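Comments concern the structure below.
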Amino acid sequence: MELRNKIVKRGRGRPQARPDEETRHLIHEAARHEFLESGYGAACMEAVAARAGVSTKTLYRLIPTKAALFEEMVSARLDQFFASVVADVVDSADLASALETMLIDCAGLTLDPEVVGLHRLVIAESDRLPELARAFYKNGVQRVPVALAEWLDAQCKRGKIKLEDPKAAAGMLLGMMISEPQRAAMLQQGRPLSAKAVRERAHTCAQLFLRGCVR
Numbered sequence: 000m001e002l003r004n005k006i007v008k009r010g011r012g013r014p015q016a017r018p019d020e021e022t023r024h025l026i027h028e029a030a031r032h033e034f035l036e037s038g039y040g041a042a043c044m045e046a047v048a049a050r051a052g053v054s055t056k057t058l059y060r061l062i063p064t065k066a067a068l069f070e071e072m073v074s075a076r077l078d079q080f081f082a083s084v085v086a087d088v089v090d091s092a093d094l095a096s097a098l099e100t101m102l103i104d105c106a107g108l109t110l111d112p113e114v115v116g117l118h119r120l121v122i123a124e125s126d127r128l129p130e131l132a133r134a135f136y137k138n139g140v141q142r143v144p145v146a147l148a149e150w151l152d153a154q155c156k157r158g159k160i161k162l163e164d165p166k167a168a169a170g171m172l173l174g175m176m177i178s179e180p181q182r183a184a185m186l187q188q189g190r191p192l193s194a195k196a197v198r199e200r201a202h203t204c205a206q207l208f209l210r211g212c213v214r
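Per numbering that gives the first Met the number 0: the sequence shown = residues 0 to 214.
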């Protein structure tokens, strides 16, 4: 009787499964490495599943195609970026400091070696797979100027700056901040900008921009 009471009975049913969102995160991380190392064309879903430690059945249940996987992976990467950026600048009372922070964060994303690698990958495949380029542009590249344009528009509505077209202004400002270093990074010319150089560039760009639009 005493021995019987010491026996721990196992509950019925299978052990609790890992939440789908957690599994998706593992898949996105694995996909990023697979695409960067193998290229889009050579990357395969089975390799991604193996990297993520999930079954191919689970992978295809959550994300049915390689194109959908690439699109999700890019969107997830940008979601992480915007989650950290918006909180830093949206309520800042110091306009110049807030703009500098936004530009530093945009440069940090755009010039990140993995993002540069994905950009190269998409350009290499754009003729053969135009839908891949469209997805990358929509879910990746284009979200950065859109976010900056929304922030500039908010400053206009608060009466801090005056711009006829915040969207066009955002494109010009980002071009001034990241075009040259991004081009150098894409072509592997020279060393990446140091954190100090990025801060100095952001300060200069913010000052030049605000001199033309501050009320």
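Here a beta-carbon is modelled for each residue, glycine too, at the ideal position from N, C-alpha and C.
Note that the structure is a prediction, hence the values are computed from the model and not measured.
Note to self: Suppose contacts are defined by Cβ-Cβ distances below 9 Å. Is Ala134 in contact with Phe69 by that definition?
What the structure shows: Reading the sequence shown from its first residue, position 135 is the one you call residue 134. Reading the sequence shown from its first residue, position 70 is the one you call residue 69. Less than 9 Å separates the beta-carbon of Ala134 from that of Phe69.
Note to self: I'd like to know whether the C-beta atoms of Arg23 and Glu99 end up nearer to each other than 9 Å.
What the structure shows: Looking up residue 23 in the sequence shown gives position 24. Looking up residue 99 in the sequence shown gives position 100. Their beta carbons are not under 9 Å apart, which means Arg23 does not touch Glu99 by this criterion.
Item checked: Inter-residue spacing [alpha-carbon to alpha-carbon] between Lys161 and Val140 -> What you label residue 161 is simply residue 162 of the sequence shown in a count that begins at 1. What you label residue 140 is simply residue 141 of the sequence shown in a count that begins at 1. Approximately 26 Å between the Cα atoms of the pair.
Notebook entry, point to check: Are the region 175 to 187 and the region 109 to 116 in contact at 8 Å, needing three or more beta carbon pairs?
Noted result: yes
Notebook entry, point to check: How close, in whole Å, do the beta carbons of Cys204 and Met176 come, if the pair is a contact with beta carbons under 8 Å?
Noted result: Here residue 204 corresponds to residue number 205 of the sequence shown, with the count starting at 1. Here residue 176 corresponds to residue number 177 of the sequence shown, with the count starting at 1. Right, their Cβ atoms sit about 5 Å apart.
Notebook entry, point to check: Per DSSP, what kind of secondary structure is Val213 in: helix, strand or coil?
Noted result: Position 214 of the sequence shown, counting from 1, holds the residue named residue 213. Three-state result, Val213: strand.
Checklist line | DSSP bridge partner residues for Ile160 (one or two, in chain order) | finding: Here residue 160 corresponds to residue number 161 of the sequence shown, with the count starting at 1. Answer by DSSP bridge pairing, in chain order: Val213.
Notebook entry, point to check: So, helix, strand or coil for Pro191, using DSSP?
Noted result: To locate residue 191, count along the sequence shown from 1; it is residue 192. Residue state, collapsed to three classes: coil.
Check: For Leu168, does the three-state DSSP call read helix, strand or coil?
Finding: Here the question's residue 168 lines up with position 169 in the sequence shown. Rather than Leu, the amino acid found at residue 168 in this sequence is Ala. Three-state result, Ala168: helix.
Note to self: If you measure between the beta carbons of Gly116 and Leu35, is that distance less than 9 Å?
What the structure shows: Mapped onto the sequence shown, residue 116 falls at position 117. Mapped onto the sequence shown, residue 35 falls at position 36. Going by C-beta atoms, Gly116 is nearer than 9 Å to Leu35.
Next item on the list: Would you tell me roughly how many angstroms separate the C-alpha atoms of Ser125 and Arg119, rounded to the nearest one?
Entry: Residue 125 sits at position 126 when you count from the first residue of the sequence shown. Residue 119 sits at position 120 when you count from the first residue of the sequence shown. So the alpha carbons of these two residues sit roughly 10 Å apart.
Next item on the list: For Arg17, name the three-state secondary structure that DSSP assigns.
Entry: Here residue 17 refers to the residue found at position 18 when the sequence shown is read from its first residue. Here Arg17 sits in coil by DSSP.
Next item on the list: Check whether the region 94 to 108 touches the region 147 to 165, counting contact only when three or more Cβ pairs, one atom from each stretch, lie closer than 8 Å.
Entry: yes
Next item on the list: Taking Thr55 as the reference, give the member of Leu94, Met44 and Glu20 with the closest Cα.
Entry: Here residue 55 refers to the residue found at position 56 when the sequence shown is read from its first residue. That would be Met44, whose Cα lies nearest to the Cα of Thr55.
Margin query: Using the Cβ count rule (16 or more neighbours within 10 Å means buried), how would you classify Leu173?
Written below: The residue given as residue 173 occupies position 174 in the sequence shown. Buried: at least 16 other Cβ atoms inside 10 Å.
Checklist line | Ala39 versus Lys156, Ala132 and Asn138, residue with shortest Cα-Cα distance | finding: Position 40 of the sequence shown, counting from 1, holds the residue named residue 39. Note on identity: in this sequence residue 39 is Tyr, with Ala being the wrong assignment. The residue with the shortest Cα to Cα distance from Tyr39 is Ala132.
Margin query: Just to confirm before moving on: does the CB-CB distance between Ala41 and Ala29 stay below 9 Å?
Written below: Position 42 of the sequence shown holds residue 41. Position 30 of the sequence shown holds residue 29. Against a cut-off of 9 Å, the Cβ pair of Ala29 and Ala41 comes out as no contact.
Check: Under 9 Å between the Cβ atoms of Leu209 and Leu94?
Finding: Along the sequence shown, one-based indexing puts residue 209 at 210. Along the sequence shown, one-based indexing puts residue 94 at 95. A contact, by the Cβ cut-off of 9 Å.
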